[in-house]
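Chemist:
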Amino acid sequence: MKLETNQFTQALKKSEKQVGFWLSLRNNLAAEVVRTSGYDWLLIDMEHTPNDVSTVLTQLQAVAGGGSTAIVRPPWNDTVMIKRLLDIGAQGLLLPMIQSVEEAEKAVAATRYPPRGVRGVTGTSRANSFGRVKDYYDRIEDETAVLIQLETRSAIEQAIPIASVDGVTGVFFGPADIAADIGKLGQPLCDEVWELIMPAAKALMAKGIPVGTLVGDANFAAKLLNEGFTFVACGSDLGVLANGADQLLSTVKEKMS
């Protein structure tokens, strides 16, 4: 058995647009609902949800075979957590709050086996189909997406050197935390946030480095993709559920006599 090609990782290398969706409900059935929606990538979030390794596993199992690449955001840039997530089959990782070249190097090292990194070795895991994938060790570095999340003004100012760390697949801007960092808490789509993000994003694009983000506005997501962003998540299961429920109730009440 051979390791499957990570379509998301390879698409980023070719600068092909990838539309994503956030999974925050920590529920395998909810993940299964969107499995065949057609998104290029699905992000299973641990940073801002009550997910743990076992609930992430059930969601990886739920979305498998649906055509979307499963990316996991761990709670922190933690070497042990990264190892465990890769072992259960995460096809990529989004590492939050990276603030320096050194932190980016640590993140990449956690995804690499010695001598190139510090990832612990196990012979049988879900990631290598319990020992059946014979080329796993040879190819997994090239297939795993390592995405670095920049969430402060200071990190954005270091975007190029951070992104240039060997092994970084792409750079993800976190507009909500950037907004908070510059005194615009709760305003991730305000002009000041994007006036800070866009010059750094364009500088990265000019060097051929894939750039991504999450926005809750479909029109703005399309705009960013048209302007050169490579991977953009356009919403979340929590957002769809909350907005859908609110709109449904509002429509019924408007039509009641």
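Residue numbers (this note's numbering): 16 to 272. Heads up, the beta-carbon is just placed ideally off N, CA and C, and yes, glycines get one too.
Check the DSSP bridge columns for residue 60 and list the partner residues they point to.
Modeler: Walking along the sequence shown from the start, residue 60 turns up at place 45. Its beta-bridge partners are 88.
Chemist: What residue range is occupied by the uninterrupted beta strand (DSSP E) comprising residue 186?
Modeler: Here residue 186 corresponds to residue number 171 of the sequence shown, with the count starting at 1. 185-188 is the span of the beta strand (DSSP E), which, as asked, contains residue 186.
Chemist: Determine whether the beta carbon atoms of residue 174 and residue 211 lie at a separation below 7 Å.
Modeler: As a position in the sequence shown, residue 174 is number 159, starting the count at 1. As a position in the sequence shown, residue 211 is number 196, starting the count at 1. Contact: no.
Chemist: With distances taken Cα to Cα, identify the nearest neighbour of residue 237 among 33, 28, 16, 84.
Modeler: The count along the sequence shown starts at 1 and reaches residue 237 at position 222. Closest by alpha carbon: 33.
Chemist: List, from N- to C-terminal side, the alpha helix (DSSP H) runs of 4 residues or more that fit wholly inside the stretch 190-267.
Modeler: Within the stretch 190-267, the complete alpha helix (DSSP H) runs of at least 4 residues are 190-196, 206-221, 233-241.
Chemist: For residue 172, which of 139, 155, 160, 214 has the nearest alpha-carbon?
Modeler: Counting from one through the sequence shown, the residue named residue 172 turns up at place 157. The residue with the shortest Cα to Cα distance from residue 172 is 214.
Chemist: Does the stretch 157-167 touch the stretch 98-115, meaning 3 or more C-beta pairs lie closer than 8 Å?
Modeler: These segments touch.
Chemist: Consult DSSP for residue 145 and reduce its assignment to one of helix, strand or coil.
Modeler: Here residue 145 is taken as the residue at index 130 of the sequence shown, counted from 1. Reduced to three states, the DSSP call for residue 145 is coil.
Chemist: Only counting the same chain, and skipping five residues up and downstream in sequence, which positions put a Cβ closer than 6 Å to that of residue 45?
Modeler: One-based indexing of the sequence shown puts residue 45 at position 30. Once the five neighbours on either side are set aside, the close Cβ partners of residue 45 are 252.
Chemist: For residue 197, which option in 24, 179, 182, 167 has the closest C-alpha, if you only look at C-alpha atoms?
Modeler: Here residue 197 refers to the residue found at position 182 when the sequence shown is read from its first residue. Answer by Cα proximity: 167.
Chemist: Spatial neighbours of residue 93 within its chain, please: CB distance less than 7 Å, with the 5 preceding and 5 following residues excluded, ordered by chain position.
Modeler: Mapped onto the sequence shown, residue 93 falls at position 78. Same-chain partners within the cutoff: there are none.
Chemist: Tell me whether residue 102 is buried or exposed, calling it buried when 16 or more other Cβ atoms sit within 10 Å of its Cβ.
Modeler: By 1-based counting over the sequence shown, the position of residue 102 is 87. Per the 10 Å Cβ criterion, buried.
Chemist: Considering only residues of the same chain and omitting the five flanking positions on each side of residue 203, which have a CB-CB separation below 6 Å?
Modeler: The count along the sequence shown starts at 1 and reaches residue 203 at position 188. Result list for residue 203: 190, 191, 194, in chain order.
Chemist: Just to confirm the assignment, what range does the beta strand (DSSP E) spanning residue 164 have?
Modeler: Translated into the one-based positions of the sequence shown, residue 164 becomes position 149. Per DSSP, residue 164 belongs to the beta strand (DSSP E) from 160-165.
Chemist: So residue 100 is in the alpha helix (DSSP H); what residue range does that whole segment cover?
Modeler: Start at 1 with the first residue of the sequence shown, and residue 100 comes out as number 85. Run containing residue 100: 94-102, per the alpha helix (DSSP H) assignment.
Chemist: Quick one, are the C-beta atoms of residue 81 and residue 50 less than 7 Å apart?
Modeler: As a working mapping, residue 81 is identified with position 66 in the sequence shown. As a working mapping, residue 50 is identified with position 35 in the sequence shown. Yes, these two residues count as a Cβ contact at 7 Å.
Chemist: Buried or exposed: where does residue 24 fall if 16 or more other Cβ atoms within 10 Å of its Cβ makes it buried?
Modeler: Taking the sequence shown and counting its residues from 1, one reaches residue 24 at position 9. Classification of residue 24: buried, given that the 10 Å Cβ count is 16 or more.
Chemist: DSSP three-state label for residue 33, please.
Modeler: Numbered from its first residue, the sequence shown carries residue 33 at position 18. Of the three classes helix, strand and coil, the one that applies to residue 33 here is strand, per DSSP.
Chemist: Could you check which residue in 230, 246, 115 has the C-alpha nearest to that of residue 56?
Modeler: By one-based count along the sequence shown, residue 56 stands at place 41. Of the listed residues, the one whose Cα sits closest to residue 56 is 246.
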